[in-house]
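The next block holds one structure in the form of structure tokens; read it before the comments.
Number of protein chains: 2
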Amino acid sequence: MHISVYVMGLEHAILVSLAEKSASGYELTRRFGRSIGFFWEATHQQIYRTLARMTETGWVTYDVIEQPDRPDKKVYRISNGGQAELARWLAEPLERPADRDGLAVKIRGASLGDLPAVISEIERHRAMHAERLETYRTIEKRDFPDPAALSGRALHQYLVLRGGIRTEQGRLDWCDEALEALRADNSPDQADTNRRSE
Amino acid sequence: MHISVYVMGLEHAILVSLAEKSASGYELTRRFGRSIGFFWEATHQQIYRTLARMTETGWVTYDVIEQPDRPDKKVYRISNGGQAELARWLAEPLERPADRDGLAVKIRGASLGDLPAVISEIERHRAMHAERLETYRTIEKRDFPDPAALSGRALHQYLVLRGGIRTEQGRLDWCDEALEALRADNSPDQADTNRRSE
DNA sequence: CAGGACATGTAACAGGTTACATGATTAT
DNA sequence: ATAATCATGTAACCTGTTACATGTCCTG
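As they're listed, the protein sequences go chains A and B. Taking the working numbering, the leading residue of the first sequence gets 15, the next gets one more, and so forth. Taking the working numbering, the leading residue of the second sequence gets 15, the next gets one more, and so forth.
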């Protein structure tokens, strides 16, 4: 005997999104490419397949909307069953996600390959995090100029954005720490005369 | 026509580990349950299956070691091909891993369920991060008392640990920020006038 | 008329997860 | 005796990834 712990998947991210506003698969795909996608990524194939499964389960229903000028679309909305499932899942403890950090594996293995190549790779990651951080900062300034005044849904959105900002800033700082240490180690003290650049 | 980008997997984490020291599947499983497991988790089934595949590919070889007192074991070591593959992979850009943050989904959906339950969940996560952080800090003090003196492999290990510390501290701080804001919003100013929640 | 946005899918494959399975030795 | 550790696997399933596939309308 055994209690199967329900593993979070795309379903719940879709339920949250549909609870905020009904949408077609295509529209959901775009949401998962921007706002929601910043903390839960999914492709259109994944979304269509999952929507089909959720329709079977009864968590969502859809209406076919005929559009004279564009292709027909199925607009999905969350059902009562879906709302119940969402409430249930929100109250349930989340499993710890597996740690999988490819950059850490590379740094750990740096002495087994080409150290300058690993340094370049860290620089690349630093740039990606800086770019993403800037995106987040822009959204923060634009959409949440007065955080202290926020409440309810807007506050929740802001807090998620804050999580993204902290994550990106943290990774960026880590890259800087690693770069400084690895560069110093790569071209150690040539006495006082120097060139320890590269 | 199409260039298939090689996606990082467990193989490279195993190559790094075996390059440091040869090991049986069982020993690797234990490593992936502690040191390496802090940044790349894997179960024994995954490891055995992957070792079998890597043996076919020629990245590792093994010797059967007969032990009088214990079951026989296969001790795997990295081959020349494996070392070449590792060097190749280290120099190759890593794909950005998909963002998937279940806690963020919950916070984003907090207004659709039971807010106090979501707050409890954040408290749970805060505790998990605090515990993990303490583990890391202990290792840091025990194994790296003098970081400035590090170089080579020891430095790389230290930097990976620093990444873990930054990640856990960052998540912990985020939990604190979210808890403070959500608690204030959950039980708003009963002070002079009102409740402006919802 | 070509390319991009709109709109929805199928199929094959790779990888991770869970359950099941076996069997020895050592310590309590 | 019973559990823990040592040691290695198979099988089924689920999810994510990649490639392939189809068709409309609008804009330049």
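All C-beta atoms in this analysis are idealised placements derived from N, C-alpha and C, irrespective of residue type, glycine included.
Residue of the options minimising C-alpha distance to residue i
i: A/K155; options: A/R138, A/A131, A/M68 and A/L175; result: A/L175
i: A/G72; options: A/T64, A/S125 and A/A124; result: A/T64
i: B/R8; options: B/L193, B/V30 and B/E191; result: Because chain B spans 15 through 212 in this model, residue 8 of chain B falls outside it and cannot be assessed.
i: A/K35; options: B/D83, B/T149, B/L126 and B/R167; result: B/L126
i: A/P111; options: B/H143, B/N200, B/Y150 and B/T69; result: B/H143
i: A/T57; options: B/L173, B/N200 and B/R114; result: B/R114
i: B/T43; options: B/Q81, B/Y90 and B/S201; result: B/Y90
i: B/K88; options: B/G95, B/T69, B/Q97 and B/A105; result: B/T69
i: A/Y62; options: A/T149, A/D187, A/A37 and A/P82; result: A/A37
i: A/L129; options: A/A198, A/A141 and A/E41; result: A/A198
i: B/W188; options: B/I79, B/G95 and B/E137; result: B/E137
i: A/S165; options: B/R48, B/R151, B/L164 and B/S201; result: B/S201
i: A/S134; options: A/N94, A/Q81 and A/D190; result: A/D190
i: B/I153; options: B/A163, B/R48 and B/G39; result: B/R48
i: A/R84; options: A/A162, A/E55, A/G116 and A/Y40; result: A/Y40
i: B/E55; options: A/R167, A/P82 and A/G116; result: A/G116
Any C-beta of chain B under 8 Å from that of residue i
i: A/L147; result: no
i: A/H26; result: yes
i: A/R48; result: no
i: A/P111; result: yes
i: A/G72; result: no
i: A/D115; result: yes
i: A/S36; result: no
i: A/V78; result: no
Residue j beta carbon less than 8 Å from that of residue i
i: A/I92; j: A/V74; result: yes
i: A/Y118; j: B/F46; result: Sequence inspection shows Ala at residue 118 of chain A; the Tyr mentioned does not correspond to that position. Going by C-beta atoms, A/A118 is not nearer than 8 Å to B/F46.
i: B/Q60; j: B/L108; result: no
i: B/L104; j: A/G184; result: no
i: B/I79; j: B/A192; result: no
i: B/Q97; j: B/A195; result: no
i: B/L186; j: B/R140; result: yes
Neighbour flag for residue i against chain A, beta carbons, 8 Å
i: B/P82; result: no
i: B/Q171; result: yes
i: B/G96; result: no
i: B/K120; result: yes
i: B/W54; result: yes
i: B/G11; result: Shown here, chain B extends from 15 to 212; a query on residue 11 of chain B therefore has no answer.
i: B/V89; result: no
i: B/A33; result: yes
i: B/S93; result: no
i: B/L42; result: no
i: B/R67; result: no
i: B/S165; result: yes
i: B/G255; result: Given a span of 15 to 212 for chain B in the structure shown, any question on residue 255 of chain B remains unanswerable.
i: B/D160; result: no
i: B/R180; result: yes
i: B/D128; result: yes
Heavy atom of the ligand ZN within 7 Å of residue i beta-carbon
i: A/W103; result: Among the ligands in the structure shown, none appear at all, so the ligand ZN cannot be discussed.
With 16 other Cβ atoms within 10 Å as the buried cut-off, status of residue i
i: B/A27; result: buried
i: B/V132; result: buried
i: B/T181; result: buried
i: B/G177; result: buried
i: B/D86; result: exposed
i: A/Q171; result: buried
i: A/R146; result: buried
i: A/E148; result: exposed
i: A/Y150; result: buried
If you measure beta-carbon to beta-carbon, which residues of the region 131–155 of chain B are closer than 8 Å to chain A?
A131, V132, E135, R138, H139 and M142
Where the region 98–109 of chain B meets chain A: residues whose CB sits under 7 Å from a CB there:
L100, A101, L104, A105, P107 and L108
For the region 182–198 of chain B, list every residue whose C-beta sits within 7 Å of some C-beta in chain A, in sequence order.
G184, D187, W188, E191, A192 and A195
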